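Protein chains: 2
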Amino acid sequence: MFLMSIPHFETLLAFFKALANESRLKLIGLLAQREHSVEEMAALLQLKEPTVSHHLAKLKQLKLVEMRQDKNTHFYRLNQAALQSMSKAMFTPEHIVGLTADVDTDGWESKILRSYFEDGRLRELPASRKKRRVVLKWLVNQLDQDRRYAEKELNQVLKQFHADVATLRREFIGYNMMQRERGRYWRMPEVEWRTEA
Amino acid sequence: MFLMSIPHFETLLAFFKALANESRLKLIGLLAQREHSVEEMAALLQLKEPTVSHHLAKLKQLKLVEMRQDKNTHFYRLNQAALQSMSKAMFTPEHIVGLTADVDTDGWESKILRSYFEDGRLRELPASRKKRRVVLKWLVNQLDQDRRYAEKELNQVLKQFHADVATLRREFIGYNMMQRERGRYWRMPEVEWRTEA
DNA sequence: CATCTAATTAGATTTTTGTCTAATTAGCTT
DNA sequence: AAGCTAATTAGACAAAAATCTAATTAGATG
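Listed in order, the protein sequences are those of chains A and B.
Under this note's numbering, think of the first position of the first sequence as 1, with each following residue one higher.
Under this note's numbering, think of the first position of the second sequence as 198, with each following residue one higher.
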């Protein structure tokens, strides 16, 4: 239909607020099936019409629903496209990392992460040592602190971020972010990591 | 990693409630970068520790964050997998339609939609006339009531649900759900639709 | 024009949620 | 054990949000 830009903090928050309510979520469910008039929806959800109107106004503000008028009946329908594109872009790492723009502690690392991740996946391992370390640090952080992973399990987790899992494993060991013994891998405490692989 | 079952109404609502808050969303942003102690997060967000603790408890309940303890410092980290799988399954049509289970008006149509849609896409056009009509009805409802679509635009919208857009277009015309003239398509009011194609 | 209908807006009330301070717990450290 | 530190729990208070009734608007119809 049309692409929506990646939503920013305020947008995302507003979006969650809109959906974080029992009545509104039910309304969306109803509207996913077909259009409904305000009257109908009020009856189905056992709410008064003004209440429904109020909820629809919120959803309309965010373009999650659209309205058409026939005589003095207002028919609402869901804007699937808005919903989908929102949920799609929502939880990719580079986007989540961007959430903290205002707070941001280590802006430098965030910037690197954002630039190397795309649609939730690592495009390529950075060539420079410093950047590579940032990316690896983030990745190793996706693993459980105390768990011992079989190689297969480790691959499972890693391949969700990058195809070349063998290189990732090797780099982890190189930086001493992980250790291996008899086919099992586990994380090392951060103080033990090396600066150079 | 592991598959999560499709969340149901209560789960989904709880999930949105968890994220529909400025502080919690920022926490998630922070934790997406690396693990943090409660103290750190309180400082970064300019909140008191009990407040942060309280928010983390909510996120922990939903397994969105995990905690590891070192001495008496608690380190929290994000459970990316939970977040991702939640957002992924979230807004597929067959799931949204399922939201209204308790309310449900036309359970029969919903059931059909759920069974023919998978991951947001139409698996195949039902063979039986009655079922096909339900699916087409839903699809045509994704279009703007009053807009006139160029064939290309129409395809754009439709292909997001099904590859064989030519058949869909033909069926719409057949059921008189849409009309065409000089390469332009538009929706017909529901009263004009035919029962048989 | 008077009246009816469906919806929205205004304003009041109640419920839910976020934040704080104070008190408590759990785990060191001396 | 006494004291220290980081976190959690309890409870109070304040702010935000949901819902209702009443009043108003917009459009249709006799």
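Every residue gets a Cβ at the ideal spot worked out from N, C-alpha and C, and that includes glycine.
All values derive from a computational prediction rather than experimental measurement.
Where residue i falls, given that 16 or more other Cβ within 10 Å makes a residue buried
| i | result |
| --- | --- |
| A:Asn-176 | exposed |
| B:Lys-223 | buried |
| A:Val-191 | exposed |
| B:Arg-379 | exposed |
| A:His-36 | buried |
| B:Ser-312 | exposed |
| A:Ala-127 | exposed |
| A:Ala-150 | exposed |
| B:Gln-281 | buried |
| A:Ala-20 | buried |
| B:Arg-274 | buried |
| B:Arg-221 | buried |
| B:Ser-202 | Note that B:Ser-202 scores a pLDDT of 41, beneath 50, so its modelled location is shaky and nothing firm can be said. |
| B:Leu-200 | Low local confidence applies: a pLDDT of 33 at B:Leu-200 is under 50, so the model's placement there is unreliable, with the coordinate-based value given in what follows. Answer is exposed; the Cβ neighbour count stays below 16. |
| A:Arg-147 | exposed |
Sequence-distant residues of its chain with Cβ nearer than 7 Å to residue i (five each side left out)
| i | result |
| --- | --- |
| B:Phe-369 | Leu-333, Val-337 and Met-375 |
| A:Lys-60 | Met-67 |
| B:Met-198 | Because B:Met-198 carries a pLDDT of 35, less than 50, the predicted location of this residue cannot be relied on, and the following value inherits that uncertainty. For B:Met-198, where only same-chain residues beyond five positions count, the Cβ hits under 7 Å are Ala-278. |
| B:Met-385 | Asn-373, Met-374, Met-375 and Gln-376 |
| A:Ala-42 | Lys-48, Glu-49 and Val-52 |
| A:Trp-193 | Tyr-175, Asn-176 and Met-177 |
| A:Trp-138 | Leu-113 |
| B:Val-262 | Leu-228, Leu-253, Leu-256, Tyr-273, Arg-274, Leu-275 and Asn-276 |
| B:Thr-364 | Leu-322 |
| A:Gln-145 | Arg-187 |
| A:Lys-152 | none |
Own chain residues within Cβ distance below 8 Å of residue i, not counting five before or after
| i | result |
| --- | --- |
| A:Leu-62 | Ala-14, Phe-15, Ala-18 and Ala-82 |
| A:Gln-80 | Ala-32 |
| B:Phe-272 | Glu-232, His-233, Ser-234, Met-264, Arg-265 and Gln-266 |
| B:Ile-309 | Pro-323, Lys-328, Val-331 and Val-332 |
| B:Lys-356 | Val-362 |
| A:Gln-46 | none |
Contacting residues, own chain, Cβ-Cβ under 6 Å from residue i (five flanking each side not counted)
| i | result |
| --- | --- |
| A:Glu-109 | Val-134 |
| B:Tyr-399 | Residue 399 of chain B is absent from the model: chain B starts at 198 and stops at 394. |
| B:Glu-236 | none |
| B:Thr-270 | Ser-234 |
| A:Ile-28 | none |
| A:Ala-163 | none |
Integer-rounded CB distance, given that residue j should sit under 8 Å from residue i
| i | j | result |
| --- | --- | --- |
| B:Leu-319 | B:Phe-358 | 5 Å |
| A:Val-165 | A:Leu-143 | Actually they do not touch by this definition, with Cβ atoms about 13 Å apart. |
| B:Arg-329 | B:Glu-393 | B:Arg-329 to B:Glu-393, Cβ: 10 Å. No contact. |
| B:Arg-367 | B:Leu-351 | Not quite, the Cβ-Cβ distance comes to about 12 Å (not below 8 Å), so this is no contact. |
| B:Leu-209 | B:Leu-227 | That belief does not hold up - the Cβ atoms of B:Leu-209 and B:Leu-227 are roughly 24 Å apart, past 8 Å. |
**Message:** Any contact between the region 45-60 of chain A and the region 244-255 of chain B? By contact I mean 3 or more CB pairs, one from each, below 8 Å.
**Reply:** These segments do not touch.
**Asked** Residues in the region 119-144 of chain A with C-beta within 9 Å of chain B's C-beta atoms, listed in sequence order?
**Response** Gly-120, Lys-137, Trp-138, Asn-141, Gln-142 and Asp-144
**Request:** Return the residues of the region 70-86 of chain A that lie within a Cβ-Cβ distance of less than 7 Å from chain B, sorted by chain order.
**Result:** Result list: Arg-77, Gln-80, Leu-83 and Gln-84.
**Members of the region 210-224 of chain B that neighbour chain A once the beta carbon cut-off is set at 7 Å** = Leu-210, Phe-213, Lys-214, Leu-216, Ala-217, Glu-219, Leu-222 and Lys-223
**Request:** Check each residue of the region 231-249 of chain B: if its Cβ is closer than 8 Å to any Cβ of chain A, include it; give the result in chain order.
**Result:** So the list reads Arg-231, Glu-232, Leu-241 and Leu-242, given in the order they occur along the chain.
**Request:** Identify each residue in the region 341-360 of chain B for which the Cβ-Cβ distance to at least one residue of chain A is less than 8 Å, and report them in chain order.
**Result:** Asp-341, Gln-342, Asp-343, Gln-353, Val-354 and Gln-357
**Item:** Members of the region 56-68 of chain A that neighbour chain B once the beta carbon cut-off is set at 9 Å
**Value:** Glu-66 and Arg-68
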